[in-house]
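**Student:**
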Amino acid sequence: MEHVLGFLGFVLRQLAFVAVFFWPGWLVLNLLTLGHYPSVRKMKRDLDYMEAELIAVLGLLIVVGVVVLATRYWPE
Numbered sequence: 027m028e029h030v031l032g033f034l035g036f037v038l039r040q041l042a043f044v045a046v047f048f049w050p051g052w053l054v055l056n057l058l059t060l061g062h063y064p065s066v067r068k069m070k071r072d073l074d075y076m077e078a079e080l081i082a083v084l085g086l087l088i089v090v091g092v093v094v095l096a097t098r099y100w101p102e
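Its first residue numbered 27, the sequence shown is counted upward by one per residue in this note's numbering.
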């Protein structure tokens, strides 16, 4: 039972990570590359899992950076 719950926790963490942080990373990459990467056509066909993870990691870095900047420069 412990292994099943551990596996379900892992799957839920992965889904939450990709679902939450993929889109900010996708938006930033799309803006930086002027729409060339990641292309919408490729996303509809076959987006590699490793590419999705890298985009989500970039999204995580962007979100953390925005939060740090917001807390640093937020008016008191």
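C-beta: ideal position from N, C-alpha, C; glycine also.
Measuring CB to CB, does Phe-47 end up less than 7 angstroms from Ala-82?
**Tutor:** The answer is yes: Cβ separation under 7 angstroms.
**Student:** Cα separation between Leu-101 and Leu-41?
**Tutor:** The question names Leu, but residue 101 is Pro in the sequence shown. Going from the Cα of Pro-101 to the Cα of Leu-41 covers about 35 angstroms.
**Student:** Quick one: residues in its chain with C-beta nearer than 7 angstroms to the C-beta of Pro-50, no 5 flanking neighbours on either side, listed in chain order?
**Tutor:** Only Gly-85, Ile-88 and Val-89 meet the Cβ criterion.
**Student:** How far does the alpha helix (DSSP H) with Thr-97 in it reach, from first residue to last?
**Tutor:** Looking at the DSSP string, the run of the alpha helix (DSSP H) that includes Thr-97 is 75-99.
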